[in-house]
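Numbering (the numbering used here), first residue to last: 660 to 843.
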């Protein structure tokens with residue numbers, strides 16, 4: 660958008676890009692609204708032989724590989740790093756991390772049993788129910804929210820506002836809930 664793309668609506672899976680769009684003057688922060696939430700979960704392969712009790716079990720030596728999205732580029736990875744730092748296990752597990760370009764790659768690693776554990780969103784884990792097991796839903800320091808905003812210079816502002824209202828309204832919430840998203 661900063662380089663000339665002309666969308667009407669900006670909806671993202673993380674607050675940071677929306678903050679950047681607002682700082683660049685592309686969206687009005689007062690008109691931005693969160694339309695959904697998600698939750699980070701710790702998952703293991705469905706055939707895992709490791710006994711899990713709590714998040715800090717990731718620091719045990721038998722856990723050799725932990726797949727997460729790259730914290731520098733993947734919001735789920737940034738949230739995973741934050742959770743592990745809060746649990747004071749980041750330094751213990753850092754060398755065992757497999758940094759992936761997206762959450763789908765994390766799920767694929769786990770499904771192929773190439774990692775002992777990983778962090779993904781609950782909505783993604785629900786799509787891989789036969790391949791991975793959720794072992795914990797850690798509290799995340801930063802809320803995992805999905806913001807939406809009509810761009811300041813939207814080519815079709817009325818249609819954009821109607822779409823944003825649809826996403827935030829009852830129909831949108833029902834569709835999002837059917838896919839595992841939480842209300843804002």
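Every residue, glycine too, gets a C-beta built ideally from N, C-alpha and C.
Remember, it's a predicted structure, so these values are computed and weren't measured experimentally.
Item: Helix, strand or coil for residue 831? Go by DSSP, reduced to three states.; Value: helix
Item: Which first and last residues belong to the alpha helix (DSSP H) in which residue 762 is found?; Value: 762-770
Item: Rank 672, 827 and 742 by C-alpha distance to the C-alpha of residue 795 and give the top, closest one.; Value: 742
Item: Thinking residue 839 and residue 798 are a contact (beta carbons under 8 Å), I'd like their distance in whole angstroms, please.; Value: Not confirmed; about 18 Å, so no contact.
Item: Is DSSP giving residue 777 helix, strand or coil here?; Value: strand
Item: Mapping the DSSP letters down to three states, classify residue 757 as helix, strand or coil.; Value: strand
Item: Report the partner residues of residue 693 according to the DSSP bridge assignment.; Value: 806
Item: Are there 16 or more other CB atoms within 10 angstroms of the CB of residue 744, so buried, or fewer, so exposed?; Value: exposed
Item: In its own chain, which residues sit with a C-beta less than 7 Å from the C-beta of residue 706, not counting the 5 before and 5 after it?; Value: 772
Item: Residue 766 to residue 776, Cα distance in whole Å?; Value: 10 Å
Item: Quick one: measure Cβ to Cβ for residue 819 and residue 809, integer angstroms, because I've assumed they're closer than 8 Å.; Value: 4 Å
Item: Which of the three DSSP states, helix, strand or coil, is assigned to residue 736?; Value: helix
Item: Using the Cα positions of residue 718 and residue 695, report the straight-line distance between them to the nearest angstrom.; Value: 32 Å
Item: With DSSP as the reference, label residue 795 as helix, strand or coil.; Value: strand
Item: Between residue 714 and residue 746, which are expected to be in contact by the criterion C-beta below 8 Å, what is the C-beta distance as a whole number of angstroms?; Value: 5 Å
Item: Can you name the start and end residues of the alpha helix (DSSP H) that residue 670 belongs to?; Value: Residue 670 -> not in any alpha helix (DSSP H); beta strand (DSSP E) instead, spanning 668-670.
Item: Between which two residues does the alpha helix (DSSP H) carrying residue 752 extend?; Value: 749-752
Item: I'd like to check one pair, residue 768 with residue 824: are the Cβ atoms closer than 7 Å?; Value: no
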